[in-house]
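Order-wise, the sequence lines are chains F and U.
One gets the working numbering by counting positions in the first sequence from 1 and adding 163 to each.
One gets the working numbering by counting positions in the second sequence from 1 and adding 954 to each.
Here a beta-carbon is modelled for each residue, glycine too, at the ideal position from N, C-alpha and C.
Note that the structure is predicted; figures quoted are calculated from it, not measured.
To start, the structure under review is shown below, and the notes come after it.
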Amino acid sequence: MRFDSLLYSLGHTPLVGLPHLSPSAPDAPPDRQARLWAKLEDRNPTGSVKDRAAFYMIESAEKEGLLSPGCTILEPTSGNTGISLAMVAKLRGYQLICVMPENTSAERRQLLEMWGARIIFSPAAGGSNEAVRVAKELAAEHPDWVMLYQYGNEANARAHYETTGPEILEDLPTITHFVAGLGTTGTLMGVGRYLRERVPGVQIVAAEPRYGELVYGLRNVDEGFVPELYDESVLTARYSVGSQDALRRTRELLEREGIFAGISTGCALHAALGAAAKAVKAGQRADIAFVVADGGWKYLSTGAYDGTLEEAERAIEGQLWA
Amino acid sequence: MAIEVRIPTILRSHTGGAKSVEATGATLDELIIDLDKRHPGLRDRLVDDSGLRRFVNVYLNDEDVRFLGGLATPVSDGDVLTVLPAVAGGAS
């Protein structure tokens, strides 16, 4: 495959089966099988699913005349979107400032700086909500900065409606479930809408990371945050996945299928396995695609892969692992 | 036996600091009414006239009750209910 620039090598990522983690035996009759399929989004240019949204959001802002060479882009991000935006910004001639919670992995910070982004840290307590709040304040103070705002930018969901969704359906026309992590909700909204328009009865399942108390501690229930992109009617189920389950599944994916993924992938896999178990119990066929949002490289320093699960869980307590 | 309800830090002023409390009921609505009898004021923090408050998420055995049946969701002994404030999470 040949591309004119790194940007155009975006997407068309592999969808790979998980023969060892799928719950039914390979020799079960076809109408009783539950099969899991991993969409390897770590194969994108900067190594995460966020390259799709970053490319679409910048292209869209250029078309609308919001961005011209030399402009400064501002974005609240826990890392991956920032890294993706930094790559696109570099190739298109923009400056990037990221507002990032201070409790994200060291690798994310290093990578952002390597790609040329400037980082403004937001307090750990409050997690991504706090980064969003700080970014909104900065945007108001600097009207010349362009905030793409992934949580409310329709181009984020559209990237998945126009690319991820069609790729998955082409590779897996028999799909019954789509499972992805819930953050900005862009992946689930875009792929979810695309599949629901074409696959009657398809299940769209959100896997939401459940963090330690630090992240929720100061959150007032009256001042929570729901991304503007989120439309509850696109989903059919939403699971809260704690860090121990996410870590356990991340390790199983490596040990049994050889896929080295980040911790948020374990979160999605946990929900996918739950959906598979339900289908097997009900005696129904299932083809379940889930998103591997990124590889494990950026999380080596967190301790997620060291020692026992309990040790790993303690190590990542208070960190934003998704 | 009753249903375990996990309370987020911000609402523990209603439970005397307890992280986890118990309540009973056949539906989520009944459960929250019983919870409010034991810990006055809690219902008002979770529910308004239109149902669950916008920034409150309630999970029954880790599944969001909004996709199960909302306040009418049946609950039974041994279930675990988790209350969390809505946050911007995920791989973003």
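- Taking a beta-carbon distance threshold of 9 Å, G387 of chain F counts as an interface residue toward chain U.
- For the C-beta of T1036 of chain U, the chain F residues within less than 7 Å are, from N- to C-terminus, S403.
- Listed along the chain, the chain F residues whose CB falls inside 7 Å of the CB of A1040 of chain U are G387, F388 and V389.
- In the three-state reduction of the DSSP assignment, C261 of chain F falls in the strand class.
- Rounded to whole angstroms, the separation of the alpha carbons of Q482 of chain F and L410 of chain F is 13 Å.
- The alpha-carbon separation between A201 of chain F and R165 of chain F amounts to approximately 24 Å.
- Listed in chain order, the beta strand (DSSP E) elements of length 3 or more contained wholly in the stretch 271-321 of chain F are 281-285.
- Under the 10 Å beta carbon count, N1015 of chain U is surrounded by fewer than 16 other beta carbons and is classified as exposed.
- Rounded to the nearest angstrom, the gap between the Cα atoms of P208 of chain F and M277 of chain F is 15 Å.
- Within a 10 Å sphere around the beta-carbon of S231 of chain F sit fewer than 16 other beta-carbons, which makes this residue exposed.
- In summary, D408 of chain F is buried, with 16 or more beta-carbon neighbours lying within 10 Å of its beta-carbon over all protein chains present.
- Within the stretch 960-985 of chain U, P962, T963, I964 and L965 place their CB atoms closer than 8 Å to a CB of chain F, listed in sequence order.
- In the structure shown, F1009 of chain U falls within a coil segment according to DSSP collapsed to helix, strand and coil.
- According to DSSP, residue pairing for T1036 of chain U in a beta bridge involves U:R960 and U:Y1013.
- Selection F:D450, F:I426 and F:G349 evaluated against G437 of chain F yields F:D450 as nearest (Cα-Cα).
- A residue is called buried once 16 or more other Cβ atoms fall within 10 Å of its Cβ, and G349 of chain F is buried on that count.
- L982 of chain U sits close to V1029 of chain U, with the two beta carbons spaced by under 9 Å.
- By the Cβ neighbour-count rule, S974 of chain U is exposed, with fewer than 16 other Cβ atoms within 10 Å of its own.
- For A956 of chain U against D1031 of chain U, the beta-carbon gap comes to about 7 Å, under 8 Å, which counts as contact.
- Sorting F:I367, F:A452, F:A434 and F:L417 by C-alpha distance to the C-alpha of A467 of chain F places F:L417 at the top.
- Taking all protein chains shown into account, A424 of chain F has 16 or more neighbouring C-beta atoms within 10 Å of its C-beta and is therefore buried.
- Within the stretch 995-1027 of chain U, those residues whose Cβ lies closer than 9 Å to any Cβ of chain F are, in chain order, R999, L1000, R1007, R1008, F1009, V1010, N1011, Y1013, D1016, E1017, D1018, R1020, F1021 and L1022.
- Using a Cβ-Cβ distance cut-off of 8 Å, the stretch 390-399 of chain F and the stretch 301-317 of chain F are in contact, since at least three pairs of beta carbons, one from each stretch, lie closer than that value.
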